[in-house]
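Accompanying notes for the structure given below.
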Amino acid sequence: MQHEFQRLNKEHLIQEAERRSKVSAKRNTKFEEALEILIESINREARLNSLGQKLTIANFTRIVTNKLLLDRELENFPKSENDEKKKHLFIVGLPRTGTTLLHNLLALDLNSYYIRLCDGQFPVPASHPDHTEKKIAKSEQIIQKMYELTPSLSKLHYFKPTSLEECGWLFEYQLLDPSFHLRMHVPTYYNWLLAYPRHLESYIKYRDLLVYLGQHYSFNHWILKGPRHLIFLKALLNAFPNAGIIWLHRDPCQAIPSMCSLSHLLRSNYSDVSNPQEIGTIWFEAILKNLRTALDTRRTVGDERFYDLQYSDLMSNPIQDVTKIYSHFGLTFSPEMESAVKSWLTNNPQNKQGKHEYSTQQFGLEVETIRKEFAFYTDYFNIPI
Numbered sequence: 230m231q232h233e234f235q236r237l238n239k240e241h242l243i244q245e246a247e248r249r250s251k252v253s254a255k256r257n258t259k260f261e262e263a264l265e266i267l268i269e270s271i272n273r274e275a276r277l278n279s280l281g282q283k284l285t286i287a288n289f290t291r292i293v294t295n296k297l298l299l300d301r302e303l304e305n306f307p308k309s310e311n312d313e314k315k316k317h318l319f320i321v322g323l324p325r326t327g328t329t330l331l332h333n334l335l336a337l338d339l340n341s342y343y344i345r346l347c348d349g350q351f352p353v354p355a356s357h358p359d360h361t362e363k364k365i366a367k368s369e370q371i372i373q374k375m376y377e378l379t380p381s382l383s384k385l386h387y388f389k390p391t392s393l394e395e396c397g398w399l400f401e402y403q404l405l406d407p408s409f410h411l412r413m414h415v416p417t418y419y420n421w422l423l424a425y426p427r428h429l430e431s432y433i434k435y436r437d438l439l440v441y442l443g444q445h446y447s448f449n450h451w452i453l454k455g456p457r458h459l460i461f462l463k464a465l466l467n468a469f470p471n472a473g474i475i476w477l478h479r480d481p482c483q484a485i486p487s488m489c490s491l492s493h494l495l496r497s498n499y500s501d502v503s504n505p506q507e508i509g510t511i512w513f514e515a516i517l518k519n520l521r522t523a524l525d526t527r528r529t530v531g532d533e534r535f536y537d538l539q540y541s542d543l544m545s546n547p548i549q550d551v552t553k554i555y556s557h558f559g560l561t562f563s564p565e566m567e568s569a570v571k572s573w574l575t576n577n578p579q580n581k582q583g584k585h586e587y588s589t590q591q592f593g594l595e596v597e598t599i600r601k602e603f604a605f606y607t608d609y610f611n612i613p614i
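Quick note on the numbering used here: the sequence shown kicks off at 230 and runs consecutively.
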């Protein structure tokens, strides 16, 4: 029997966030529109169980509370010319294409900076190298709860408060991120998100938030990562005119079922009605559409700002590929960086946290169909299959 629960309520969430943050919410029609659409989609479509309801209320309360704190912090936050000069390298690609490995390697450079998990979860106050950070303990509590609910999650993604994380955490504070659909069945919200006309504005706000997060550190370039960036590639390139894009490629027959497996695992916590075949259809169609959009953008802007990397090449010689990336984007690959990369690779062998098992058949997908429908992508980038 489907669990009966009290519908999520926008006003209740905002009131609780005001109480926790001690900040009065200002009228923000764009944020409220996103919140209303997302809540209505959850109430009508997500089929939450009792645990899913508790998780959603806790997560949304954190998000809206942080949103109020950020609005106060950023209202009069000063910017400098040095912020505009910093390079931004974005790692993009489908799941299981080596993006996490490359993210970890590039972030070893002491001249780089990245989003930490605790900063994504609790961006206020901005971290400071000389200050004790209460946010680390709060982040650890969330991680422990995540692993208690989903022990196998560590095989898909290893979390710790100070580890580097994806950009999606920061877009949550605008309620404009596909991760909500990854965790819950909210197709109305997801379709609204894809059609949203102001993604450039959202990327400019995200850019300002990066400046805020990095204000107390000295570095030359950002290392950023997120599968969402492929979906909104045009907005990213317009908001970051000097950005470099590292696009990793792998056989979609490996990437698509991995995405389905992660979504099924997460949705199973939120709902007792998580159908693998339904999830397979959802993400097959979504990835197909999003890749076509990304490739259309790529053709329009040209190849100059991109560096393409095959998964097989990265796995066979990661140091060589990191060296090539540095050369391509005009960065200095120092002996210290080379030593750090070698050490990290030695201490972090593949599948260190366990192997993530999945199959196309598990999600009602056929290899032949994937090969046919995604040929436009694999042929364009000469992806080994």
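Glycine included, C-beta positions come from ideal geometry on N, C-alpha and C. Just so it is clear, the structure is predicted and the values come from calculations on it, not from any experiment.
Among the options, nearest to residue i - alpha-carbon criterion
i, options, result
"ARG325", "GLN483, THR290, HIS360, LEU438", "GLN483"
"THR285", "ARG496, ASN576, PHE562, ILE612", "ARG496"
"GLU247", "VAL415, TYR499, ASP300", "ASP300"
"ILE604", "TYR387, VAL530, LEU517", "For the sequence presented, residue 604 should be read as Ala rather than Ile. For the residues TYR387, VAL530, LEU517, the minimum Cα distance to ALA604 belongs to LEU517."
"ASN257", "GLU265, GLU602, TYR446", "GLU265"
"ASN611", "GLU377, HIS241, GLY509, HIS478", "HIS478"
"ASN577", "ALA424, ILE460, LEU330", "LEU330"
"TRP512", "ILE344, THR589, GLU313", "THR589"
"PRO456", "THR328, TYR446, SER492", "THR328"
"HIS445", "LEU520, PRO358, ASP480", "PRO358"
"ASP550", "ASP532, VAL570, GLY531, ARG534", "VAL570"
"ALA336", "SER541, ALA472, TYR609, HIS317", "HIS317"
"GLU338", "LEU560, ILE599, THR598, HIS493", "Correcting the residue type first, residue 338 is Asp in the shown sequence and not Glu. Answer by Cα proximity: LEU560."
"ASN471", "ARG534, ILE599, ALA263", "ARG534"
"PRO352", "GLU401, GLU313, GLN579", "GLU401"
"TYR609", "ARG521, GLU586, ILE268", "ARG521"
"GLU262", "ALA515, LYS367, LEU280, LYS239", "LYS239"
"LYS255", "ASN278, LEU298, LEU267", "LEU298"
"PRO354", "PHE306, GLU514, GLU586", "PHE306"
Whether residue i touches residue j by CB criterion (8 Å)
i, j, result
"LEU594", "PRO486", "yes"
"CYS396", "LEU453", "yes"
"ILE474", "VAL596", "no"
"LEU237", "ILE271", "yes"
"GLY509", "PHE592", "yes"
"THR417", "GLU274", "yes"
"GLU565", "ILE548", "no"
"PRO481", "LEU323", "yes"
"LEU280", "VAL415", "no"
Supposed close pair residue i, residue j - CB separation, criterion 8 Å
i, j, result
"LEU393", "ASN333", "7 Å"
"PRO613", "GLN506", "With 8 Å as the limit, PRO613 and GLN506 do not qualify as a contact, their Cβ atoms being about 28 Å apart."
"HIS450", "LYS315", "6 Å"
"LEU465", "PHE319", "7 Å"
"THR391", "ILE371", "With 8 Å as the limit, THR391 and ILE371 do not qualify as a contact, their Cβ atoms being about 14 Å apart."
"THR290", "LEU346", "Not confirmed; about 19 Å, so no contact."
"LEU524", "TYR606", "7 Å"
"ASP406", "TRP476", "Contact flag wrong, Cβ pair sits at about 20 Å."
Residue i CB to nearest heavy atom of the ligand NAP below 7 Å
i, result
"ARG345", "Absent from the structure shown: the ligand NAP. Ligands present: none."
Sequence-distant residues of the same chain with beta carbon closer than 6 Å to residue i, five excluded per side
i, result
"GLY443", "TYR342"
"VAL502", "ARG276"
"MET230", "Only weak support exists for where MET230 lies, its pLDDT of 44 falling under 50; the value from the coordinates is given anyway. Answer for MET230: no residue qualifies."
"PHE562", "THR552, TYR555"
"SER572", "none"
"TYR419", "HIS410"
Outcome for residue i when other beta-carbon atoms lying within 10 angstroms are tallied against a minimum of 16
i, result
"GLN403", "buried"
"ASN557", "The amino acid occupying residue 557 in the given sequence is His; Asn does not appear at that position. Exposed, by the Cβ-count rule."
"GLU304", "exposed"
"SER545", "exposed"
"SER250", "buried"
"THR361", "exposed"
"ALA287", "exposed"
"SER180", "In this structure the chain extends from 230 to 614, so residue 180 is not present and cannot be described."
"ALA424", "exposed"
"GLN282", "buried"
"SER368", "buried"
"GLN350", "buried"
"GLN244", "exposed"
"LYS363", "exposed"
"THR575", "exposed"
Beta-carbon contacts of residue i that lie in its chain and below 7 Å, excluding the five residues immediately before and after
i, result
"ARG412", "LEU495, ARG496, TYR499"
"ASP615", "Nothing about residue 615 can be read from this structure; the chain reaches only from 230 to 614."
"LYS308", "VAL440"
"ASP437", "LEU303"
"PHE448", "ASN340, SER341, TYR342"
"GLU602", "LEU517"
"THR598", "none"
"ASN519", "LEU459, ILE460"
Cutoff 8 Å; reference residue i; Cβ partners in own chain excluding five residues on either side
i, result
"MET375", "LEU382, PHE388"
"TYR432", "PHE461, ALA464, LEU465, ASN467, ALA468, PHE469"
"PHE260", "LYS296, GLN403, LEU404"
"GLY531", "none"
"THR526", "LEU462, LYS463, LEU466"
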